[in-house]
Each structure stands twice: as C-alpha cells, then as structure tokens.
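Report on the following structure.
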Amino acid sequence: MSWDCPHLTRDYYCNRLRIKCDPSCKGCVLHGKVTPLTKPPADTTKKETND
C-alpha cells in the first residue's frame, strides 16, 4: 500500500509543519493513520530491580 501527502516536498520536507517529514509526529496529517516500520528506540533510563 502506498500513501501520498500533499504537504511533502521532494527532499522529504513537510511544508505544513516546516520540519523533516515524520509521519508519526503529532500534527502530521498521517499521524495515527500509518504504522511505522521501525520501532522507537528502547528506553534505557528504566532500571529493573529484582525484589
């Protein structure tokens, strides 16, 4: 499946938000409508304890 964003330029720049294209960012017209293929980086600040 493919999608097309009317705010995207050839160099993957969003004219609406004035940032590099990121379909998962808040404010994007595709936010919540697409699933990213990559997982977000793991949170390394969590500490596991064995009690």
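Letter by letter, the sequence shown follows residues 0 to 50 of numbering that gives the first Met the number 0.
Glycine included, each C-beta is placed from N, C-alpha and C at the ideal position.
Nearest-angstrom beta carbon gap, residue j and residue i [assumed within contact, 8 Å]
i, j, result
"leucine 29", "proline 22", "4 Å"
Residues that residue i bridges to, as DSSP identifies them
i, result
"tyrosine 12", "Lys19"
"leucine 7", "Cys13"
Which listed residue (the options) has its alpha carbon closest to that of residue i
i, options, result
"cysteine 27", "Cys13, Thr8 and Leu36", "Cys13"
Cβ pair residue i, residue j closer than 8 Å
i, j, result
"cysteine 24", "tyrosine 11", "no"
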